[in-house]
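> Sequential numbering from 1 applies to the sequence shown in my numbering.
We treat Cβ as the ideally placed atom computed from N, Cα and C, and that holds for glycine.
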Amino acid sequence: MAHAPAIVTLDALHAFDTVLDARSPAEYALDHIPGAVSAPVLSDDERRIVGTLYKQRGPFEARRLGGVWVARNIAQHVQRLMADKPAAWRPLVYCWRGGQRSGAFVLWLRQIGWAAAQLQGGYKAYRRWVVQQLDALPPRLTWRVLAGPTGSGKTRLLHALAQQGAQVLDLEGLAHHRGSILGAWPDGQPQPSQKAFDSALVDALRRLEPTRPVWVEAESRKIGTVQLPTTLADAIQRAPRVELEVPFAARLALVRQDYAWLGRDPEALAQRLAALRGLHPNDTLQRWQQWARQGRLDELFAELMALHYDPLYRRALPRGVATTVWPLPDVTPATLQATACAWVAAHP
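1) Would you please state the rounded distance, in angstroms, between the beta carbons of alanine 274 and arginine 293? I believe it to be under 8 Å.
2) Proline 40 and serine 24 - do their beta-carbons sit closer together than 9 Å?
3) Leaving out five residues before and five after leucine 228 in sequence, what residues of the same chain have Cβ atoms less than 6 Å from its Cβ?
4) With C-beta atoms as the reference, is serine 102 less than 9 Å away from leucine 244?
5) Count the other CB atoms within 10 Å of the CB of isoleucine 236; is the residue buried (16 or more) or exposed (fewer)?
6) Within 10 angstroms of the Cβ of alanine 132, are there 16 or more other Cβ atoms? Answer buried if so, exposed if not.
7) For serine 180 versus leucine 30, is the C-beta spacing smaller than 9 Å?
8) In angstroms, rounded to a whole number, what distance separates the CA positions of arginine 110 and alanine 116?
9) Measure the CB-CB distance between valine 331 and valine 246 and report whether it falls below 9 Å.
10) In terms of alpha-carbon separation, which member of Leu134, Ser199 and Asn73 lies closest to alanine 175?
11) Let me know if histidine 32 comes out buried or exposed under the rule of 16 or more other beta-carbons within 10 Å of its beta-carbon.
12) Please work out which residues of its chain come closer than 8 Å, Cβ to Cβ, to leucine 276, disregarding the five sequence neighbours upstream and downstream, and give them in chain order.
13) Should glutamine 289 be flagged as near chain B, meaning a C-beta pair shorter than 9 Å?
14) Thinking C-alpha only, which one of Leu328, Gly295 and Thr155 is nearest alanine 260?
15) Does DSSP put serine 38 in a helix, in a strand, or in coil?
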């Protein structure tokens, strides 16, 4: 088999068996190419020390020390990560700018006999490409928006649509957040960085077919701490909407189910509600915090929906957008599955 060229562009990304991220663990954690395996040639501490030595004593001393660490770390990766890789294995390696870290790694791998290649421009080139894709991809797709006030079952219906074969974009899933002050995920999983969210979003957008509609929930421009790209937010605002109309009691039952975990730590819930200070009268906020501490979640969620979330939703409704109202008697799995089947039949 002919060896891959030593340096390739992003266009060749999917021609390789494995993508290796040679940057430090902290750089990888902030963002990386989806599916890339972390194989740092310098640890976070080693990278910091080499950088300091470069500034204080010059490039030669920095490279003399860094070279020892790079060689040792690459040897460990070959021994641990690549012990079972066949001779025909084709890895692609990248670092920050496609410089010395990935270059050294590729040299080692090619000396062993693998057809390794280096990503031209490294992560910086990839990041520029992500920004370009975020601008270019959303306008190419045909969007259908699921709308409705809190507790309408939008996320569950989105998942039901996916099960029926519809194209969906789960923004809250990518953001690891439900998009409200109580929207953090119950498992304590933090939100991704903005760059990591962008990467995951581009990866999801590229999998969607422009010839078929894409279902997405109505979202604000910000989901927790991450921001939607302007092109996507604008596309969602302009797209035809299906407005779910669900009885308040059914919505409250769903909210009570989805957010029951907040009752495990009453004081933490009361502190979360402090974010509403200035948006509601002090006595209202104090009452909600007291209910939180007392575990009176039914009363708390009912007033939050009636006095905060529902008015907020109505104020955010876009004007002049084609809207179809879809009444649902409840948000049980059977009802949502039947609705998803009907929609997929109408919008294949």
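So, from the listed chains and residues:
1) Actually they are not in contact, since the Cβ atoms of alanine 274 and arginine 293 sit about 12 Å apart, beyond 8 Å.
2) Judged by beta-carbon spacing, proline 40 lies within the 9 Å limit of serine 24, meaning their Cβ atoms are closer than that value.
3) Arg221
4) no
5) buried
6) Looking at the sequence itself, residue 132 is glutamine, so the reference to alanine does not match. Here glutamine 132 is exposed, its C-beta having fewer than 16 other C-beta atoms within 10 Å.
7) no
8) C-alpha separation (whole angstroms): 6 Å.
9) yes
10) Ser199
11) buried
12) Ile181, Leu285, Trp288 and His308
13) Here there is only one protein chain, and chain B is not present.
14) Ranked by Cα distance from alanine 260, the first of Leu328, Gly295 and Thr155 is Gly295.
15) strand
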